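S.K.: Below is the structure I would like to discuss, written out as structure tokens.
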């Protein structure tokens, strides 16, 4: 045991197609909220592709940055929860126990990434969308918080399978929905406690940065980018 | 007041307890109507989901938490001011203390409902109680919300005790004059008070202990409320200045609420001979000091944030100073400093009307302050892509209005049930000790310290 799940995202490969967003919604039973509620900023995109524009017109370039729960090792969301709904798992994930959540929303305020989402209403799936619900993922009722889990249901399934076959998990054997669906292979998922894994190699890359790492949250997601990303002074 | 005899004091202060005027009934009905509307809004929110409020990503706290901090702040009126004045043995305090202590109990009760109102699943609020549950899970003591839970409960218990203790001799006085079912009820709450030297001595001792004990409790409560914010790595929240800033602001708004309540009581219950200009003058001076202290805190907070020039903080700084929240910000500065400062600083203006006007603007300004601490920071956290905005819905506005009406109604009811000015303390303050009009209500030599 002792896995420490992490991810690396190559921003130079991301073309902003948002396939990860769609895949995440499908895999994790994330309900859509409708046009009206979306306009009120109540959408629940566990992963979102942030767009930033650089340069002056007409010489403009757009940068895409997928942002989701960074599964911080020193997560600000965890200690503030009065009911242990958000807690740290033994595999380094920021767990969210829906049944414990009473909806103080303190975790969402404490999260510097705004990676947490609230169920303002009970979720609805219009027929026949209810038929695509993933049986491995619980649906969340009104009043509870939710966020990216690194597809913990896939992690658990793969671990159980490997244990049944009396072998260790292979690097790359296991992919969250976003990683699996990325057409440019910008995202890599793996075990940071294994120094040989692809994600460990990328996490130590000189191109790697941690989003808002200066806040001391120790995120487990590494963003890879050209130096030019840092701004013109470093170009 | 010096001309008053103990008999007159008793008669004057018990007069509001007898009978209900038409004006009283109409106002009470109006306040009750708004409270019912607020209750309907709350139940609608529970039924439909928190989505009927204006809260949204990423501003997850809005009016409710603003009201929470505001009411808990107002509650510092009473207990803290009355406790300090008692310990300092300020003789002019005598007609003021009970009005103040009542504000504390009611404001605290109202404030404490907001953390429940704002919950996503309020029916599970009892999970904050530390009890050995079938879930095998204790609450998380690392969470500032749990500190809040304990601090507010402690404060509520102690301020209720602090209010009730000095009420006992007055309740006994009413009991002795009442007949029928009233005599039974007042007899039960008077706890068998007969005014023996031993009882007076015990009352004095208990009040001394409570007056001292309640001060650290009150300071801790608003420090912990501030830490709800200061513990989170949110720009302009994560600051060491927050605890003293909040405590000062709480006392500031508390004194303002007290002056407002006294000015209203004076008019409505015709207490002109008891709540004198000197009381407003003295509390006005206290309010002036707190206004200066408030301005000092805001200046220190803003200056260090601006000079530090940290990217995340500057976004929040400029959006309040110059951006979309700036009208509210400058309204707050006007309400808390620019308007009240000259009124309170110039002796000619520090009248009853003057201090009441200053207090009114300060109550509004301090509500705005709490709003401006919470909302701009949440709507402008680090990642610019995730910036947002917040606008309250009718549900939040109705519930907010309902709590103000609840404060008014509770105060009105209280003033009909218990003399709003402590009769025995007023009598004890008379220079000469005339023969007791009523032996029970007269503090004994053995009891006076």
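Protein chains in written order, with my numbering: chain A, 42 to 276; chain B, 358 to 806.
Cβ atoms here follow ideal geometry from the backbone N, Cα and C, with glycine treated the same way.
No experiment lies behind these values; they were computed from the predicted model shown.
Would the stretch 187-204 of chain A count as touching the stretch 130-143 of chain A if we require 3 or more Cβ pairs under 8 Å?
M.R.: yes
S.K.: Residues in the same chain with beta-carbon distance under 7 Å from residue 44 of chain A, minus the five sequence neighbours each way, listed in chain order, please.
M.R.: By 1-based counting over the first chain, the position of residue 44 of chain A is 3. Contacts found: 132, 232, 234.
S.K.: Flag residue 54 of chain A as yes if its beta-carbon sits less than 8 Å from any beta-carbon of chain B, otherwise no.
M.R.: Looking up residue 54 of chain A in the first chain gives position 13. Judged by the 8 Å Cβ criterion, residue 54 of chain A is not in contact with chain B.
S.K.: Who are residue 135 of chain A's beta bridge partners in DSSP?
M.R.: Translated into the one-based positions of the first chain, residue 135 of chain A becomes position 94. The partner list for residue 135 of chain A (beta bridge, DSSP) reads A/129.
S.K.: Counting only runs of 3+ residues fully inside the stretch 170-198 of chain A, write out the beta strand (DSSP E) ranges in chain order.
M.R.: 186-188
S.K.: Helix, strand or coil for residue 426 of chain B? Go by DSSP, reduced to three states.
M.R.: Position 69 of the second chain, counting from 1, holds the residue named residue 426 of chain B. It is helical.
S.K.: Is it a yes or a no for the stretch 726-746 of chain B touching the stretch 86-95 of chain A, going by three-plus beta-carbon pairs under 8 Å?
M.R.: yes
S.K.: Counting along the chain, where does the alpha helix (DSSP H) carrying residue 519 of chain B start and finish?
M.R.: As a working note, residue 519 of chain B is residue 162 in the second chain. Run containing residue 519 of chain B: 501-521, per the alpha helix (DSSP H) assignment.
S.K.: Following a CB-centred definition, is residue 441 of chain B positioned closer than 7 Å to any heavy atom of the ligand MG?
M.R.: With respect to the ligand MG, the structure shown offers nothing to examine, as it has no ligands at all.
S.K.: Mind pulling the chain A residues with CB within less than 8 Å of residue 580 of chain B?
M.R.: Here the question's residue 580 of chain B lines up with position 223 in the second chain. In chain A, no part has a C-beta under 8 Å from the C-beta of residue 580 of chain B; the shortest such distance is about 17 Å.
S.K.: Return the chain-ordered ranges of every alpha helix (DSSP H) run that is complete within the stretch 586-649 of chain B and spans a minimum of 4 residues.
M.R.: 599-625
S.K.: Does the CB of residue 76 of chain A have a neighbour CB from chain B at under 8 Å?
M.R.: Locating residue 76 of chain A in the first chain gives position 35, where the first residue counts as 1. No, residue 76 of chain A lies away from the interface with chain B (no Cβ there is under 8 Å from its Cβ).
S.K.: Look at residue 721 of chain B and residue 692 of chain B and say whether their C-beta atoms are less than 8 Å apart.
M.R.: Here the question's residue 721 of chain B lines up with position 364 in the second chain. Here the question's residue 692 of chain B lines up with position 335 in the second chain. Yes.
S.K.: Under 8 Å Cβ-Cβ, which residues of chain A neighbour residue 418 of chain B?
M.R.: Residue mapping note: residue 418 of chain B aligns to position 61 of the second chain, counting from 1. Result: 146, 150.
S.K.: What separation, rounded to the nearest whole angstrom, lies between the Cα atoms of residue 404 of chain B and residue 749 of chain B?
M.R.: Looking up residue 404 of chain B in the second chain gives position 47. Looking up residue 749 of chain B in the second chain gives position 392. The alpha-carbon atoms of residue 404 of chain B and residue 749 of chain B are separated by roughly 18 Å.
S.K.: Of all the residues that make up the stretch 500-525 of chain B, which are near chain A by a beta-carbon distance shorter than 7 Å?
M.R.: 500, 501, 502, 503
S.K.: Should residue 170 of chain A be labelled buried (16 or more other beta-carbon atoms within 10 Å of its own) or exposed?
M.R.: Counting from one through the first chain, the residue named residue 170 of chain A turns up at place 129. Residue 170 of chain A sits exposed, since fewer than 16 C-beta atoms from the chains shown fall within 10 Å of its C-beta.
S.K.: Consult DSSP for residue 527 of chain B and reduce its assignment to one of helix, strand or coil.
M.R.: By 1-based counting over the second chain, the position of residue 527 of chain B is 170. The answer is helix: DSSP assigns residue 527 of chain B an H, G or I state.
S.K.: Taking the continuous beta strand (DSSP E) assigned at residue 104 of chain A, which residues delimit it?
M.R.: Taking the first chain and counting its residues from 1, the one referred to as residue 104 of chain A is at position 63. For residue 104 of chain A, the enclosing beta strand (DSSP E) begins and ends at 102-108.
S.K.: Might you give, ordered along the chain, the residues of its own chain that have their beta carbon closer than 7 Å to the beta carbon of residue 449 of chain B, omitting 5 neighbours on each side?
M.R.: Working through the second chain from its first residue, we reach residue 449 of chain B at position 92. Excluding residues within five positions, the ones whose Cβ falls inside 7 Å are 635, 636, 639.
S.K.: Determine the DSSP secondary structure at residue 375 of chain B, reduced to helix, strand or coil.
M.R.: Position 18 of the second chain, counted from the start, is the residue given in the question as residue 375 of chain B. Note: residue 375 of chain B maps to coil in three-state DSSP.
S.K.: With residue 608 of chain B and residue 418 of chain B assumed to form a contact (beta carbons below 8 Å), what rounded beta-carbon distance in angstroms separates them?
M.R.: Locating residue 608 of chain B in the second chain gives position 251, where the first residue counts as 1. Locating residue 418 of chain B in the second chain gives position 61, where the first residue counts as 1. The Cβ separation is near 23 Å, so there is no contact.
S.K.: What are the residues in the stretch 246-261 of chain A lying within 9 Å of chain B by C-beta distance?
M.R.: 252, 253, 256, 257, 258
S.K.: For residue 261 of chain A, count the other beta carbons within 10 Å of its own beta carbon; 16 or more makes it buried, fewer makes it exposed. Which is it?
M.R.: For the purposes of this step, residue 261 of chain A is taken as residue 220 along the first chain, with counting starting at 1. Per the 10 Å Cβ criterion, buried.
S.K.: Could you give the C-beta distance for residue 438 of chain B and residue 504 of chain B, rounded to a whole number, given that I count them as a contact under 8 Å?
M.R.: Position 81 of the second chain, counted from the first residue, corresponds to residue 438 of chain B. Position 147 of the second chain, counted from the first residue, corresponds to residue 504 of chain B. That pair is no contact at about 24 Å.
S.K.: Identify, in the order they occur along the chain, each residue of the same chain with its Cβ nearer than 7 Å to the Cβ of residue 548 of chain B, setting aside the five sequence neighbours on each side.
M.R.: As a position in the second chain, residue 548 of chain B is number 191, starting the count at 1. The residues are 525.
S.K.: If you draw a straight line from the C-alpha of residue 451 of chain B to the C-alpha of residue 429 of chain B, how long is it?
M.R.: Here residue 451 of chain B refers to the residue found at position 94 when the second chain is read from its first residue. Here residue 429 of chain B refers to the residue found at position 72 when the second chain is read from its first residue. If you take the alpha carbons of residue 451 of chain B and residue 429 of chain B, they lie about 24 Å apart.
S.K.: Just the Cα atoms here: how many angstroms apart are residue 384 of chain B and residue 518 of chain B?
M.R.: Counting from 1 along the second chain, the entry for residue 384 of chain B is found at position 27. Counting from 1 along the second chain, the entry for residue 518 of chain B is found at position 161. Each residue's alpha carbon lies about 29 Å from the other.
S.K.: In chain order, what residues of the same chain have a beta carbon less than 6 Å from the beta carbon of residue 57 of chain A, not counting five sequence neighbours either side?
M.R.: Within the first chain, residue 57 of chain A is the residue found at index 16, counting from 1. Only residues of its own chain outside the window of five on either side were considered, and among them 90, 105 have a CB closer than 6 Å to the CB of residue 57 of chain A, listed in chain order.
S.K.: Restricting to runs no shorter than 4 residues, where is the alpha helix (DSSP H) found entirely within the stretch 47-118 of chain A?
M.R.: 60-68, 76-80
S.K.: With a threshold of 6 Å on Cβ separation, who are the neighbours of residue 598 of chain B within its own chain once the five nearest residues in sequence on each side are excluded?
M.R.: Taking the second chain and counting its residues from 1, the one referred to as residue 598 of chain B is at position 241. Within the same chain, residue 598 of chain B has close Cβ partners 658.
S.K.: Measuring straight from C-alpha to C-alpha, what distance separates residue 773 of chain B and residue 390 of chain B?
M.R.: Counted from its first residue, the second chain places residue 773 of chain B at position 416. Counted from its first residue, the second chain places residue 390 of chain B at position 33. Approximately 19 Å, taken between the alpha carbons.
S.K.: Which of helix, strand or coil does DSSP assign to residue 486 of chain B?
M.R.: Start at 1 with the first residue of the second chain, and residue 486 of chain B comes out as number 129. If DSSP states are grouped into helix, strand and coil, residue 486 of chain B belongs with coil.
S.K.: Are the C-beta of residue 108 of chain A and some C-beta of chain B separated by less than 8 Å?
M.R.: As a working note, residue 108 of chain A is residue 67 in the first chain. Chain B contact via Cβ: present.
S.K.: Can you say whether residue 559 of chain B is buried or exposed, counting buried as having 16 or more other CB atoms within 10 angstroms of its CB?
M.R.: Taking the first residue of the second chain as position 1, residue 559 of chain B is located at position 202. Flag for residue 559 of chain B reads exposed.
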